[in-house]
Each structure stands twice: as structure tokens, then as C-alpha cells.
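The next block holds one structure in the form of C-alpha cells; read it before the comments.
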Amino acid sequence: MNKTAAVIGSGFGGLSIALRLLSEGYKVTIFEKNSSVGGHASQYKEKGYTFDMGPSIITLPFLIDELFQLFGEDRKSYLDLQALDPYYRIYFHDKTYIDYSGDENQMVEQLTRFNTKDGKAYYSFMRYSKNLYKSVILDGLGSKPFLSMFDFIGYFPKALITGAILPSYWVVARFFKDFRARFLFSFHALFIGGNPFITPSVFLMLPYLEKDGGVWFTKGGMYSVVEALSELFKKNGGVIKTNTEVTEIVVEDDAAKGVRVGPEFYSFDIVVSNSHFANTYLDLLKGRSRGKWKSSKIKKMHYSMSCVVLYLGIKKQYPQLLHHTLIISKRYKGLIQDIFKSKVLPDDFSMYLHAPSRTDKSMAPEGCESLYLLVPVPNLAANIDWDVEAEPFSNKIIDFLENSFGLENLRNNIEVQKVFTPLNFRTERNNYLGACWSLQPRYDQIASLRPHNKAENIKNLYFVGASVHPGGGVPGVILSAKATHKIILNDYGDKK
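This is how it looks when you write it as C-alpha cells:
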């Protein structure tokens, strides 16, 4: 008989591993606690407005292509990707802005306006970023299983030569002098849940990753990618159970035997958890022996920040916004320290705005705007009562955009408003501490020092997603499934 596999969670990591196992002949069932697939990449609709609730940026589209190719299919038959350029418009506290583009000439021209040397430094920095990109993506580091320190030894000399373990901001500051350029090339750590002043500079590959592979959008938003992958999965015999929350991973004789949904037991040969690592160990293993992963160790790990997200349906449009816009506080390091270290809710904030109707008119009624506003905040380790703070903090964001940023008459034109806080990330997404990107990408939490893609003391149990190697972000979780797939094939060989 074909081997059977349970996948807990239908985010990009869960869908990716489910498709890879299905292509190997496994009988795969996905268990999703919510009413629709997608996990973090879910969708919200109201009054003709459509919102991606989580990821909104597509990079490395070849990783998505690979999943269709497993079944001899062409992604273009399912999804029509559109390239975005500029990638982002970034507004700074002094009202200046930079359109972050893949066009070298435009980038050099903009950087030179603020500092002549920074324009020239762009070329040398991108060469540095390219070398990191080649190591991580082209050389397969991102999808290589790291199950022990020995797996990392071969990469360590290259890491030393490239300075890949130095703090990202420190390395960027060696290339650039102006504060705008220093932000521009270090902020990507935030997109994967990291502190740019701590995150290792190996993640400075991301600027070249965007330049080489582009930044993309697809009609219908990120959720259309989820729908396409789900359709591919079901078309080839996969089973998805929505409104079905796994309450326990059943372990006997130190081996996963299946999952429990309430009182009902489902037997499987292997179990793959796309739920966050901490949630899996603390909540789903029901006190089973966890080896080194004791509760105290899990709770002491360094978790990412959380965020407050506002989904606003606006009865007008604001031309100063591009498809992706960032608004940056005067305090960069201070704000980061408030969020990651002091864990206080600061008086100021930076934010990311997604305006998909700028590219896809179907995302909002004619002449209107569907806005997604993301503001980084401390995770639930902070002493912040979000039942109390959600409304005043949301009002503060709207007041800032209207009175200080120039989105005139914003409040009076809000037709739809939904707020997602760290509490929602904990209860609806099962994120430990409401940490949106799970574990921070720190020097002590990467590669073999990150939780492994295979349980170390429980047979037949595997992991995918932001908690494990290589980390957060859509490309990261898809690559995690690729790494986990390699481990499973190595463990079981013939799937039949």
C-alpha cells in the first residue's frame, strides 16, 4: 500500500510539503483548523473589497513553478504573475522618498541625490549581495537539511569569508553613509521577523534576490496562489479537511502514529506539522517526552515581533501610494529596540502599506482602495493588553496617516475596517506569543542551530514552516518543505 501522511496546517509550507509527498505517491491529508485553506496567507472579503491577510509579496516565483512541475503542469495555466517595478516606495521622516527599483541606473541616481559615494557603493553592495544569494539559493543552502552541526561545517569557511554571520545593519553601514540607504538595504530582515541590528548578514542576499528574480503580484492577490496550489493538490488526489483542528499528535513507542481531532483518531505513517514549532511541542504533543525540547527551553528562545494589521476599505484612492509602500519613523534603531528588546508600545511607528488595487482593479470597487496596513509591535511577551489597546492604537495609525502623512479625509472614507492584533495571531494562527514569523533569524537560531525539520526524539514526525530551516517569508517556508521532503525520502526511500 502507499504510505500515508498527515499535514497539520495549510499555509505555504503545508501545501508545499503536501504536494511534494503526493508527487511521490503518498496518500496525503491536510488538516486545517480554519474554514478555508491558507493559514497566514488567508483572505478577507467585505462589501466588494478583497484583502490578503498575510503575505503580499511574491519573490523567487520559480519555487512556485517547481510545485506545478512535479505534476507536469505549467504554473501559467493557473496564475498570471505581474512584475512590479518599483518594488516599493519608501517614505522617510523628512518627507523624502526612494522608489526601490530593480533598475540599476534609477537606484544609483536616487542614492547619489543624498550622498554621492552611496551611488557608487550600490554596485559593490549588490556584488556582495549576489555572492550571498549564490551561496544560499543557487548552491542549495536554503533547501539543505541541517540536522546537526556537521551538516554546517562545509559552509562555515564560506560564511567566514563573506562575513555572513555579522549583523546586517553593521555590514550595510560599511557600504553606505546616508540613513536612507542604510535603511533601504537592511530593512529586509523585518520581512522575515528579524531585528536588522542582530540578524546575520547572510540575509543581505535579499536585495539581490529581488533584483535577480523580481517582485511579483498575481491577479486576485496572494490568496490566488493558495487557491491554485490547493486545486493542484486536490486534482491529484489530495484530501483537505477544513474546520478540522488537530488537538494531538499521537505518539507510541517514541514514534508518531497519527493525529487526533477531538475524540477521533486518524492513523498515518508520517506526520508533518506546519504549525509553529512551539505550538507543536507545547500543545500538540501533550506532555510526551521531548528530549532537549523541554518547555523551559522552548520558552527561552528568541521569537519574532508581532504586528497590528488594519484592513481598510476606502471610498477613494491615494495616488501617493504605490502597490507596496513603507513609511519610516525617524527612529530606526530606537524603534527596533522598543519592539524587540524593551517590548513596549512606542509612541511612534513605521509601517508597511499594501494597495493591491493599484495593480488589480478587482481588489476594490471602482475608484476605491483596499488597504492593508502592517505596523510591527512587540509580541505577547510584552505587558500589553490588546483587548484594551487595539482600538486606540488603530485610531492612532489612522490619525497619523490622515494628519501627518497626507491621506486626506481618510477616516471619513473608511467603509470597511478590520483589525488583527497579536492576540489574533495567537488564537487564530496558533502563533506562540503571537510572533508572526515565529523564531527570529539570529546567529544562534539559523541552520543547524534552528529547530530541525525532523523531530530529534520522535520517529515519523517532521516540520515545515517559518519555525525551522531556513526560516520565515514565503520563499523560506517553501524551501523548508523542500528540505523536509529530502529528509523524508532519505528516511523512507521507496514510498510504496
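Numbering-wise (the UniProt record's numbering), the sequence shown opens with residue 1 and increments by one. Where a beta carbon is used, it is the ideal one built from N, C-alpha and C, also for glycine.
Between the region 269-276 and the region 4-23, the count of Cβ pairs shorter than 8 angstroms is three or higher; the stretches touch.
With 16 or more neighbouring CB atoms inside 10 Å of its own CB, P451 falls in the buried class. Beta-bridge annotation (DSSP): E252 is paired with A255. DSSP places V226 in the uninterrupted alpha helix (DSSP H) bounded by Y223 to K235. For I314, the closest of K47, V344 and L232 by C-alpha to C-alpha distance is K47. At least 8 angstroms separates the beta-carbon of L209 from that of I98.
About 6 angstroms separates the CB atoms of T242 and S35; that is less than 8 angstroms, so the two are in contact. Here the region 481-495 lies against the region 455-472, with 3 or more beta-carbon pairs under 8 angstroms apart. For the beta strand (DSSP E) assignment, the uninterrupted runs of no fewer than 3 residues enclosed by the region 52-85 are, from N- to C-terminal side, 81-84. Around the beta-carbon of Q69, fewer than 16 other beta-carbon atoms lie within 10 Å, marking it exposed. For the pair T218 and I478, the CB atoms are not nearer than the 8 angstroms cut-off.
Scanning the region 293-333 for uninterrupted beta strand (DSSP E) segments of 3 residues or longer gives 306-314 and 324-327, listed from N- to C-terminal end. Partner residues in the beta bridge of P376, as assigned by DSSP, are C307. The beta carbon of S295 sits closer than 7 angstroms to the beta carbons of L282 from its chain, once the five residues preceding and following it are set aside; these are given in chain order.
Nearest to G473 by C-alpha distance, out of A41, S230 and I198, is A41. Close CB contacts of W386 within its chain, under the 7 angstroms cut and outside five residues either way in sequence, are with T421, P422 and L423 (chain order). Within its own chain, the residues whose Cβ lies closer than 6 angstroms to the Cβ of H188, once the five positions on either side in sequence are excluded, are L206, listed in chain order.
The three-state secondary structure of W216, taken from DSSP, is strand. Between R180 and the set N115, T244 and L166, the nearest pair of CA atoms involves N115. Secondary structure at K343: coil, using DSSP grouped into helix, strand and coil. Taking C-beta atoms as the reference points, L433 and L380 count as a pair closer than 8 angstroms. Non-local C-beta neighbours of G214 in its own chain, meaning closer than 6 angstroms and more than five positions away in sequence, comprise A83, ordered along the chain. Around the C-beta of G258, 16 or more other C-beta atoms lie within 10 Å, and the residue is accordingly described as buried.
In the pairwise beta carbon analysis, the region 361-374 is classified as not touching the region 222-235: fewer than three pairs are separated by under 8 angstroms.
By the CB criterion at 8 angstroms, R429 and G39 fall inside the cutoff. In the DSSP assignment, T280 falls outside any beta strand (DSSP E) and carries neither an H nor an E.
A straight line joining the alpha-carbon of T280 with that of G465 spans about 12 angstroms. When secondary structure is reduced to three states using DSSP, V474 falls in the helix class. In this structure, the CA atom of E32 is about 14 angstroms from the CA atom of I249.
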